[in-house]
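Worksheet: one structure, shown below.
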Amino acid sequence: MILVTGASGKVGSEAVRLLGAQHQSTRALVRDASRAPRADVEIVTGDFDRPDTLDAAMRGIETVILVSPAVPAQEIAVIAGAVRQGVQHIVKITSKASADSPVERRRGQARIEAYLLTAGLSYTLLRANAYMQNLLTLAPMIKQSGGFLMSAGDGQVGMVDARDVAATAVKVAASPGTHAGRTYWLTGPDLITYNDVAKELSEALGHTVDYRRTTPAEHRVAMVQAGVPETVATSNAQAFGLVAEGDAAWLSDEVASVTGAAPRPLRTFIADHIAAFT
Ligand SMILES: NC(=O)c1ccc[n+]([C@@H]2O[C@H](COP(=O)([O-])OP(=O)(O)OC[C@H]3O[C@@H](n4cnc5c(N)ncnc54)[C@H](OP(=O)(O)O)[C@@H]3O)[C@@H](O)[C@H]2O)c1
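1 is the number of the first residue of the sequence shown in UniProt numbering; add one for each residue after it.
In structure tokens form, the structure reads like this:
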């Protein structure tokens, strides 16, 4: 049986939907049952901060698709619970982790990965570039003002649709032995700038969408004013500053090599989510 954590989130909900459609024996962990994805799977409630609920969720599980906000103490608790419950394989969704990154959440991911690598079970790391779904956070500003604020300059991003990350996770979870010990770098098909995003949105919406450039420091303040928690705004602003310097300008063909299907381009993502922007 496969457990998907973070099953109400971007990758988790799609992984659960795919597993349900494939009639794979699946349990979906959510902290709020009302946010559970609609799929033909078992739903369990649990909290990363309550190890007893994690142990209960992992009973009888062979493989975990591990999605969480990547707070080290929380993910380490999930991995420790998995070891206790005899889970054999963890498919960890991660990012460009690095122990000496200026971005705190990347240092956190590096700590989690280091723990996972020595935990004694087999694992696969899915190291994804930025999700296209993050663009949905720009939708309210676009609807209100016809443009969006961003501090990524002309930096290119190998943006990937979270649905393709989910499809890759599901494929790995279906035959973990084939993928044990592997790290896959997941991207979409194209390097995209926020100028490209504005252009694609303008075409799809039939009116001009402005890319309003700002600095990471100003962007951080704007995000906090818009209600983003301060630590998240700080990490986001640092990450956008790095994007401007070329940090996310990487592509790979590993979605296609694992799933057998080409990853979705930005145009498809926008067409599928056009209602959110109108
Ligand atoms: N976003 C990106 O561009 C991106 C790119 C590469 C890698 N990643 C990685 O993907 C992972 C997830 O990020 P995401 O952006 O995909 O997040 P997300 O869609 O918000 O998913 C996070 C999930 O964790 C759940 N959760 C949060 N706190 C919890 C708790 N205490 N107990 C149980 N469940 C809890 C959330 O549930 P609720 O719905 O109840 O909040 C949600 O289902 C991270 O490791 C991140 O580094 C993200």
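We treat Cβ as the ideally placed atom computed from N, Cα and C, and that holds for glycine. Every value quoted in this text rests on a predicted model; they were computed, and no experiment measured them.
Three CB pairs or more closer than 8 Å across the stretch 104-119 and the stretch 130-146: No, they do not touch.
Note down the Cα distance separating I192 from L205, rounded to an integer number of angstroms. One Cα belongs to I192, the other to L205, and the distance between them is close to 18 Å.
Beta-carbon gap between V172 and V91 smaller than 7 Å: Yes, the pair counts as a contact, with Cβ atoms nearer than the cut-off.
What would DSSP say about I61, mapped onto helix, strand or coil? Here I61 sits in coil by DSSP.
Can you name, in chain order, every residue of its own chain whose Cβ lies under 6 Å from the Cβ of R182, other than the five neighbours on each side? Excluding positions up to five away in sequence, the list reads T124.
Let me know the secondary structure DSSP gives L191 once reduced to three states. It is coil, neither helix nor strand.
Count the other CB atoms within 10 Å of the CB of E104; is the residue buried (16 or more) or exposed (fewer)? With fewer than 16 other Cβ atoms inside 10 Å of its own Cβ, E104 counts as exposed.
Any chance you could list the alpha helix (DSSP H) runs of at least 4 consecutive residues sitting entirely within the stretch 96-155, in chain order? Counting only runs of 4 or more, we get 104-117, 139-145.
Local conformation of T53 per DSSP, three classes: Secondary structure of T53 (DSSP, three-state): helix.
Here's the rule I'm using: 16 or more other beta-carbon atoms within 10 Å means buried, otherwise exposed. How should E42 be labelled? E42 is exposed by the Cβ-count criterion.
For residue 280, count the other beta carbons within 10 Å of its own beta carbon; 16 or more makes it buried, fewer makes it exposed. Which is it? Outside the displayed span of the chain (1 to 278) sits residue 280, for which this structure offers no information.
When you compare each of I65, G246, T137, A70 to A169 by their alpha carbons, which one comes out closest? Measuring C-alpha to C-alpha distances from A169 to each of I65, G246, T137, A70 identifies I65 as the nearest.
Starting from residue 301 and walking both ways along the alpha helix (DSSP H), at which residues does that stretch end? Absent from the model: residue 301. The displayed extent of the chain is 1 to 278, so no value can be given.
Is it the case that the stretch 6-14 contacts the stretch 26-40, given that we only count it when at least three CB pairs across the two stretches are under 8 Å? Three or more beta-carbon pairs drawn from the stretch 26-40 and the stretch 6-14 are found closer than 8 Å, and the two stretches are therefore classed as touching.
Does the distance from the C-beta atom of G46 to that of T53 stay below 7 Å? With contacts defined by Cβ atoms closer than 7 Å, G46 and T53 form a contacting pair.
What three-state label does DSSP hand A70 in the structure shown? It is coil, neither helix nor strand.
Anyone know if the C-beta pair for G153 and G246 falls short of 7 Å? Not a contact, by the Cβ cut-off of 7 Å.
Which partner residues of R27 appear in the DSSP bridge assignment? Its beta-bridge partners are L3, E42.
Take H89 and list the residues in its own chain whose beta-carbon comes closer than 6 Å to its own, dropping the five residues that flank it on each side. These residues qualify, in order along the chain: T63, S122, P176.
Over what stretch of residues does the alpha helix (DSSP H) that includes V89 continue unbroken? It should be noted that the sequence gives His, not Val, for residue 89. H89 -> not in any alpha helix (DSSP H); beta strand (DSSP E) instead, spanning 89-94.
Test item: CB-CB of M1 and S25 under 7 Å: It is a contact, given that the beta carbons lie within the stated cut-off.
Is V232 near ligand 1, in the sense that its beta carbon is under 6 Å from a heavy atom of that ligand? Checking the Cβ of V232 against ligand 1 gives no.
Quick check: is any heavy atom of ligand 1 less than 6 Å from the C-beta of P176? Because no heavy atom of ligand 1 lies under 6 Å away, the Cβ of P176 does not count as near it: no.
Can you tell me whether DSSP reads L186 as helix, strand or coil? Secondary structure at L186: strand, using DSSP grouped into helix, strand and coil.
8 Å contact criterion, which A162 and Q133 should meet: CB distance rounded: Yes, they are in contact, since the Cβ atoms of A162 and Q133 sit about 5 Å apart, within 8 Å.
Quick one: Cα of Y194 to Cα of R264, how far? Spanning the two alpha carbons is a distance of roughly 17 Å.
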